[in-house]
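FYI, in numbering that gives the first Met the number 0 the residues of the sequence shown are 0 to 447. Even for Gly, the Cβ is constructed at its ideal location relative to N, Cα and C. Small disclaimer: the values here were computed from a predicted structure and weren't measured. In what follows, a single structure is set out as structure tokens and then discussed.
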Amino acid sequence: MLNRISAIFLFLLFALTAAGQKSGGPANDAPSAVVLETASGKQRAEFTYYQDIKPIIDKHCAVCHREGQAAPFSLTSYEAVQKRARFIEMAVESRYMPPWYADPSFRTFHNENRLSDAEIQLIADWVKTGAKRGKVPKTPAVENEDANLLPEPDLRLYMQKPFEIPGDNSEQFRIFIIPTHAEEDLFVRGIGFQPGNLRQAHHARLMIDTTNLLRDDDGATAGDPNTAFTRLNVKMAEEFWHGWVPGNFPILYPEGFGKKLPENADIVLNMHYSPTPIPATDQSEVSLYLCREKPRRLVKTFALGEEWITNQPFVIPANTEVRFYMRSPMLPADLSIATVMPHMHLLGKSFKAYAITPQGAFIPLVYIPAWDFKWQMIYQFEKLLKLPKGSVIYAEAVYNNTSENELNPSNPPVHVGYGWGTKDEMMNLIFEFLDYEEGDETLNLFKK
Ligand code: HEC
């Protein structure tokens, strides 16, 4: 309300000054600019790409909307942005873009990418006033450096052979085995995943198997009952070693931190490919940055799976919406949590996780009010988060198995239970953590 009033006041003031100037003469050749109220409450005669829009796009969009990244078009020039101005306005107003699903009022994260209301308003104002280019600044803004640009990795591993993605419009959930044949334990400071086919790659989960029992599964369909993966129920040495979705970049820990890659381990790659009407191929790459010496601090993983659900069985009857509750055992030691990642499939609707300490303190972990299967994000804590010994982690997930869920893979809906296939469901809560050390609360593991 105040804003409105001050805008009207400012407008009147402008009108009066303009009128005054008119009679004074020279102001006649001043541009007949429309004065607009900006979200910040200040009035502005003009909105331009270079002044207002490019900084927003560089900061929030260009990491994905650039050559060689996963978004379908680049937004790195005025022409590219102007051409899609209205489309961009819609995508940001609905908060579809940039993709960020964790509720910031519950917990904010290091890798959070959201527009402020003021930035969204600025984009709308720019579009409304003709999406003008404006003057190229005299000192060009420093180009947003490619977040993917890291030093050359020490090791590049590839899927053993290219995978032929069938052109029959089917979703593909596949398992690939990448044997490392490493003769000793390795420690890595950084891990990157580069999809071989950015157009089709949807998301990837990397796990570590030390049994070598899954080697025949290379290229198999995840969830297929004939795979060793399903038959043998092999316990992974790491159930979640690294993950990729569009916009996730390689991680590189500070010196002294690292992850273990045990001797002769196989990297198990769980890939999801989007449907395509045209056959395509993929041969993705895993790049590794090795620690020069054994790291003093190990980054490890733990995953809470369906076995920790308290209201078993994990079955979602057709035409129902069901909420499952998960409760972890008491944490056996003080932990420093680095990331959290909820995981569900297409029926997922919302996911909330928090911890309760032995003293009864409530520690929010992550809340995704509107789950989107497309964005299986890894949420990085701003500082390592201490969960004291004896804490219990709770999670609640809602699944919508009705036909109102547009993503429901079965129409009409069918009973759904646990599994790795597209039509199965999962409820995972995955953490990367370190053993707690004094002072961890001030440490950001992801700061470049
Ligand atoms: C994390 C990567 C990422 C970021 C950051 C990102 N985008 Fe996207 N964007 C994508 C991908 C991938 C698609 C295509 C898939 C889709 O439409 O869901 C897309 C699609 C779009 C579309 C088309 C939407 C549609 O309905 O098809 C628009 C417009 C868009 N992005 C604009 C933006 C703008 C503007 C920003 C920054 C404010 C942004 N994006 C940030 C990855 C990203």
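Does the beta-carbon of V62 have 16 or more other beta-carbons within 10 angstroms, so that it is buried, or is it exposed? buried
Less than 6 Å between the CB of A70 and some heavy atom of the ligand HEC, yes or no? yes
Count the C-beta pairs between the segment 155–175 and the segment 109–123 that are closer than 8 Å, then say yes if the count reaches three, no if not. no
Relative to the C-alpha of I176, which residue among Y77, N263, S93 and G189 is closest? N263
At a cut-off of 6 Å, would you count M96 as near the ligand HEC, judging by its Cβ distance to the nearest heavy atom? M96 has its CB nearer than 6 Å to a heavy atom of the ligand HEC.
Say the cut is 6 Å; is the CB of H59 nearer than that to a heavy atom of the ligand HEC? yes
6 Å Cβ shell around R204 - same chain, five flanking residues per side excluded: When the five nearest sequence neighbours on each side are left out, the beta carbons in the same chain lying within less than 6 Å of the beta carbon of R204 are those of G242 and N269, in order along the chain.
For E45 and K131, believed in contact at Cβ under 8 Å, the rounded distance: Contact flag correct, Cβ pair sits at about 7 Å.
For P341: DSSP bridge partner residues: L428
Take Q375 as the anchor and find which of L289, L287 and N247 has the nearest alpha-carbon. N247
Taking its Cβ as the centre, do 16 or more other Cβ atoms sit within 10 Å of L345, making it buried, or is it exposed? buried
Please name the residue or residues paired with H202 in a DSSP beta bridge. H271
Would you say N310 touches the ligand NAD, meaning its beta carbon is less than 6 Å from a heavy atom? Absence of the ligand NAD is noted for the structure shown, with the ligand HEC being the only ligands found.
Stretch pair the segment 407–415 + the segment 271–286: three plus CB contacts closer than 8 Å: Counting Cβ pairs under 8 Å, fewer than three are found: no touch.
Is L9 helix, strand or coil when you go by DSSP? Below a pLDDT of 50, predicted positions are generally treated as unreliable, and L9, at 37, falls in that range; no measurement from the model is reported.
Just to confirm the assignment, what range does the alpha helix (DSSP H) spanning V413 have? Neither: V413 is in no alpha helix (DSSP H) and is coded neither H nor E.
Cβ-based burial, L1 [other Cβ within 10 Å; buried from 16]: Low confidence applies here, because L1 scores a pLDDT of 37, under 50, leaving its location unreliable; read the following figure in that light. Exposed.
Flag I87 as yes when its Cβ comes closer than 6 Å to any non-hydrogen atom of the ligand HEC, and as no otherwise. yes
Please report the straight-line C-alpha distance between L231 and D184, rounded to a whole angstrom. 25 Å
Spatial distance of C60 from L74 (CA atoms): 7 Å
C-alpha distance - F432 paired with L303, whole-angstrom precision: 13 Å
Under the rule that 16 or more other beta-carbon atoms within 10 Å means buried, what is I277, buried or exposed? exposed
Should F460 be labelled buried (16 or more other beta-carbon atoms within 10 Å of its own) or exposed? Within the shown structure, residues of the chain are numbered from 0 to 447, placing residue 460 beyond reach of any answer.
Taking Cβ positions, are P150 and S286 nearer each other than 7 Å? no
May I ask you to check if the CB of A90 is nearer than 6 Å to at least one heavy atom of the ligand HEC? Yes, the ligand HEC has a heavy atom inside 6 Å of this Cβ.
With a threshold of 16 other CB atoms inside 10 Å of the CB of N400, please say whether the residue is buried or exposed. buried
Could you tell me how far apart the beta carbons of A84 and V126 are, in whole angstroms, since I believe they sit closer than 8 Å? 5 Å
Locate the beta strand (DSSP E) running through K385, then write down its first and last residues. Y378 to L386
Would Y366 and F105 qualify as a contact pair, given that the criterion is a beta-carbon distance under 7 Å? yes
I need the straight-line Cα distance from T229 to W419, nearest angstrom please. 9 Å
When the distance is taken between beta carbons, is Q50 closer than 7 Å to G129? no
Around the Cβ of F86, are there at least 16 other Cβ atoms within 10 angstroms (buried) or fewer (exposed)? exposed
Just to confirm the assignment, what range does the beta strand (DSSP E) spanning L303 have? K299 to L303
Do D333 and P294 come within 7 Å of each other at the CB atom, strictly closer than that value? Not a contact, by the Cβ cut-off of 7 Å.
L121 - DSSP class collapsed to helix/strand/coil: Helix, per DSSP.
Among the candidates T107, A70 and L121, whose CA atom is the shortest distance from the CA of P97? A70
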